[in-house]
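Heads up: the sequence shown runs through residues 12 to 226, numbered per our numbering.
Take a look at the structure set out below.
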Amino acid sequence: MKIIMLGAPGAGKGTQAKMIADKYSLPHVSTGDIFRANLKEGTELGKKAKEYMDKGALVPDELTVEILLDRVAKDDCKNGYVLDGFPRTIPQAEVLDSELKKLGDAVDLAIDVEVPDENIVRRMSGRRACLKCGATYHVEYIPPKKEGICDDCGEPLVQRDDDKEETVKKRLSVYHEQTQPLIDYYTKKGILKTVDGTKDMKDVFADITAVIDAV
Ligand code: AP5
Ligand code: MG
Ligand code: ZN
């Protein structure tokens, strides 16, 4: 199954995508995680992406699309995947659709995790992330078992550079302008499902599994 996670920055796409990936044995593919991993390793791609990410802007489509298509062409993606943070623009969605179409394939489900802007800034300031496995925590709402350490792989957790209040506000406005139109795009294709992302993490996940199991 090919699933797309939609939603504002901080809506909980990554949190839920990881849980979906575990339950349904699908790879979790996050373009944001790929960029951050490259940044950590000091690659050219990482340096280029950082220029945009630090400003809260989107990385250009050409760069992002190539990375994503490379990733989903890997063997582990043969039976499907959960995309988190891609597509983020209409052109990205169109490329994905046309590439899948060439393979006689299509996206099965787009899940919009809905959270109002007011809740977002609060969530971001408490977020801590694992750059190794992509797990996400919140110091108050979803703390790790041991402070500052990833439950899954034992790496030290970090605060993301783009989680400063000003950058979060910019990311939100970019989301409304460039990514929200995708909700219409997938609604027209008849594959959009919306879940209430303000609920407790486990309740959001229960709503999501109900949606997936109904496909
Ligand atoms: P990316 O890493 O994708 O960031 P984002 O979309 O801004 O989303 P976030 O990761 O910030 O939020 P999330 O929805 O995953 O929330 P999370 O689960 O962490 O992208 C970063 C940058 O990379 C972009 O700005 C752009 O520059 C670039 N980029 C990436 N993809 C691109 C693309 N396709 N095209 C162009 N550029 C691209 O949850 C947030 C917090 O809330 C956490 O602390 C979590 O623990 C907590 N939380 C989660 N669920 C709940 C809950 N139910 N209740 C309470 N707290 C919760
Ligand atoms: Mg994320
Ligand atoms: Zn980890």
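C-beta: ideal position from N, C-alpha, C; glycine also.
Note that the structure is a prediction, hence the values are computed from the model and not measured.
In the three-state reduction of the DSSP assignment, methionine 64 falls in the helix class, which pools H, G and I. Relative to aspartate 211, the option among Asp87, Ala104 and Asn130 whose CA is nearest is Asn130.
In the DSSP assignment, serine 41 falls within the unbroken beta strand (DSSP E) covering 39–41.
In this chain, the alpha helix (DSSP H) harbouring glutamate 177 covers 176–185. Bounds of the beta strand (DSSP E) holding arginine 138 are 138–140. Taking the Cβ atoms as the reference, arginine 138 lies roughly 13 Å from arginine 182, outside the contact range of under 8 Å. Going by DSSP, valine 206 is part of the beta strand (DSSP E) stretching over 203–207.
Excluding residues up to 5 positions away in sequence, Met212 lie with their Cβ nearer than 7 Å to the Cβ of isoleucine 153 in the same chain. Per DSSP, valine 215 is one residue of the alpha helix (DSSP H) stretching across 212–224. For aspartate 87, the closest alpha carbon among the candidates Lys29, Pro38, Lys34 and Ala117 is that of Pro38.
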